[in-house]
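Visitor:
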Amino acid sequence: MRFLISCLSILGDHRPIDFPGLLSRALFFSLSLVVGASLGAQEISSSDLGQDTSTREVAADYLRKELKGTQNLVWTGHKIPDTDSVSGSLLSAFIYGGKPAIPSKINPETRFAIEQCGAEEPEIIENFSGKTVGLVDFNQGTQLPTGVDPDLIVAIIDHHAIGGSPINIPNVISIETRPWGSSATILTDHAQKFAIELPVHLACMGLAAILSDTVNLTSPTTTEYDKVYVKKLAKRAGIDDVDKFAERMLLEKSDLGGFSAKDIVLLDFKDFEFGGKKVGIGVAETLTAQQLINRRYELKSAMGEIKKEKGINHLIFAIVDTRENKSYLLWSDTSDKDLIISAFGDQVVDDMVVAKGVISRKRQIGPAIQRALEN
5 MRFLISCLSI
15 LGDHRPIDFP
25 GLLSRALFFS
35 LSLVVGASLG
45 AQEISSSDLG
55 QDTSTREVAA
65 DYLRKELKGT
75 QNLVWTGHKI
85 PDTDSVSGSL
95 LSAFIYGGKP
105 AIPSKINPET
115 RFAIEQCGAE
125 EPEIIENFSG
135 KTVGLVDFNQ
145 GTQLPTGVDP
155 DLIVAIIDHH
165 AIGGSPINIP
175 NVISIETRPW
185 GSSATILTDH
195 AQKFAIELPV
205 HLACMGLAAI
215 LSDTVNLTSP
225 TTTEYDKVYV
235 KKLAKRAGID
245 DVDKFAERML
255 LEKSDLGGFS
265 AKDIVLLDFK
275 DFEFGGKKVG
285 IGVAETLTAQ
295 QLINRRYELK
305 SAMGEIKKEK
315 GINHLIFAIV
325 DTRENKSYLL
335 WSDTSDKDLI
345 ISAFGDQVVD
355 DMVVAKGVIS
365 RKRQIGPAIQ
375 RALEN
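When we follow the working numbering, the leftmost residue of the sequence shown carries the number 5, and every step to the right adds one.
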């Protein structure tokens, strides 16, 4: 009840208030966050997932009913698509209606997944003006695609923490954040609660997304939910050797020889705001880290250009060695070098900071940079 009262107090701006509607939305919001937080830490089994989890089912059903018949609804992820945001848009549109969309072209790993799964690439929409939008795989205003009107955002389904620059969402129906390894895991859970059997191509895309975001279930972001749903989705998709599928995806992600240094930095890049500073963090997860290490000065030069173009305070780029389970952190100027050392220590080797055991932007790199700036 205290939560509901606080929701009412912050929204009380002397306009007439639809108390039943506001209470139902506030209740759903609290259910989504509480359920996500409580379930994310539990150890579960396949049989557990088959049981009715009433709060999750109520929350998902509420969103489904509210979105029924919504006109001009599109589902999209953050500015620079990755496999999870693309899969999330496909799964959301299938479960809740509307159509999937992406703000810009897909990366090699996602293209591989789409081709292997026999899925259709979502339409690229460069400007979302006038469209009713559901967002997947992010909740930060710094990652919002061009033209999205906050008044027309109806839902957010995400697996990231709510950070320092959350999206302004005056008319949102629901926000669901669960600390799981992938947005696709959450949406697969939704489908199960509705007894929806995903088509083979979508089961395959969901599998690809979970494997990508959790680095084949090795990332510290991995939960038991991700592990169980990987098995379920692989069975539905007819993929017997999950490890081989995951390795082929990583090899596609690693093949960056034909990309310019600037494109490599921006291929998996996200903007944040930490401690009042604008921060860009790019990552390249690779099985062939030495190829990028050999291009580190070229990458640093490109980082300096990008930093000026974006007008940001800091830019960090991580070569994530998924084979050796460590990251090589690059900078373009002294201020960024000092920030990296403050966040990860002074293990400087060949003009890079080597961070052993660090492979996740979400759970490790981003939070460490945030702490260094805010402290």
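Backbone N, C-alpha and C define an ideal beta-carbon position, used for all residues, glycine too.
Every value quoted in this text rests on a predicted model; they were computed, and no experiment measured them.
How far does the beta strand (DSSP E) with residue 324 in it reach, from first residue to last?
Guide: 318-325
Visitor: In or out: residue 107 buried (at least 16 other Cβ within 10 Å) or exposed?
Guide: buried
Visitor: Use the C-beta contact count for residue 339: other C-beta atoms within 10 angstroms, 16 or more gives buried, fewer gives exposed.
Guide: exposed
Visitor: By the 10 Å Cβ neighbour count, where 16 or more other Cβ atoms means buried, how is residue 351 classified, buried or exposed?
Guide: exposed
Visitor: The alpha helix (DSSP H) that contains residue 345, what's its start and end?
Guide: In this chain, the alpha helix (DSSP H) harbouring residue 345 covers 338-348.
Visitor: So what does DSSP say about residue 290, is it helix, strand or coil?
Guide: strand
Visitor: Helix, strand or coil: which one does DSSP assign to residue 367?
Guide: helix
Visitor: Relative to the C-alpha of residue 123, which residue among 114, 131, 130 and 335 is closest?
Guide: Comparing Cα positions, the closest option is 114.
Visitor: Which residue wins for smallest C-alpha separation from residue 326, given the options 254, 183 and 378?
Guide: 254
Visitor: Measure the C-alpha to C-alpha separation of residue 65 and residue 170 and round it to an integer number of angstroms.
Guide: 25 Å
Visitor: Take residue 261 as the anchor and find which of 211, 97, 290 and 189 has the nearest alpha-carbon.
Guide: 290
Visitor: Tell me whether residue 370 is buried or exposed, calling it buried when 16 or more other Cβ atoms sit within 10 Å of its Cβ.
Guide: buried
Visitor: Between which two residues does the beta strand (DSSP E) carrying residue 138 extend?
Guide: 136-140
Visitor: Note down, in chain order, each residue of its chain lying with its Cβ closer than 7 Å to the Cβ of residue 176, except the 5 sequence neighbours on either side.
Guide: 157, 158, 159 and 160
Visitor: Report the residue from 202, 166, 225 and 163 whose alpha carbon sits nearest the alpha carbon of residue 239.
Guide: Residue 202 holds the alpha-carbon nearest to the alpha-carbon of residue 239 among 202, 166, 225 and 163.
Visitor: Expressed to the nearest angstrom, what Euclidean distance is found between the alpha-carbon atoms of residue 224 and residue 151?
Guide: 34 Å
Visitor: Leaving out five residues on either side along the sequence, give the residues of the same chain with a beta carbon under 7 Å from the beta carbon of residue 363.
Guide: 219, 223, 324, 326, 329 and 331
Visitor: Do we get a CB-CB distance below 7 Å when we pair residue 371 with the residues of chain C?
Guide: Absence of chain C from the displayed structure is noted, only one protein chain being present.
Visitor: Could you pull out every residue in the same chain whose Cβ sits closer than 6 Å to the Cβ of residue 121, ignoring the five residues on either side in sequence?
Guide: 205, 208 and 209
Visitor: Below 7 Å between beta carbons: does that hold for residue 348 and residue 84?
Guide: No, Cβ-Cβ distance for residue 348 and residue 84 is not below 7 Å.
Visitor: How long is the line joining the alpha carbons of residue 136 and residue 88, rounded to whole angstroms?
Guide: 21 Å
Visitor: Expressed to the nearest angstrom, what Euclidean distance is found between the alpha-carbon atoms of residue 293 and residue 250?
Guide: Answer to the nearest angstrom: the Cα atoms are 17 Å apart.
Visitor: So, is residue 375 buried or exposed, given that buried needs 16 or more other C-beta atoms within 10 angstroms?
Guide: exposed
Visitor: Under a three-way DSSP split, which group does residue 157 fall into?
Guide: Strand.
Visitor: Would DSSP call residue 34 helix, strand or coil?
Guide: Residue placement at residue 34 is poorly supported in this model, since its pLDDT is 38, which falls under 50; the coordinates are not used for a value here.
Visitor: Is the distance from the Cβ of residue 284 to the Cβ of residue 334 below 7 Å?
Guide: no
Visitor: How would you call residue 138, buried or exposed, if buried means at least 16 neighbouring beta carbons within 10 angstroms?
Guide: buried
Visitor: First and last residue of the alpha helix (DSSP H) that includes residue 249?
Guide: 246-258
Visitor: Give me the DSSP bridge partner(s) of residue 178.
Guide: 159
Visitor: When DSSP labels each residue in this structure, what does residue 126 get in the three-state scheme?
Guide: coil
Visitor: Can you tell me the Cα-Cα spacing of residue 270 and residue 244, whole angstroms?
Guide: For residue 270 and residue 244, the gap between their C-alpha atoms comes out near 33 Å.
Visitor: So residue 112 is in the alpha helix (DSSP H); what residue range does that whole segment cover?
Guide: 112-121
Visitor: Helix or strand or just coil, what does DSSP make of residue 377?
Guide: helix
Visitor: Using the beta-carbon count (16 or more within 10 Å), is residue 198 buried or exposed?
Guide: exposed
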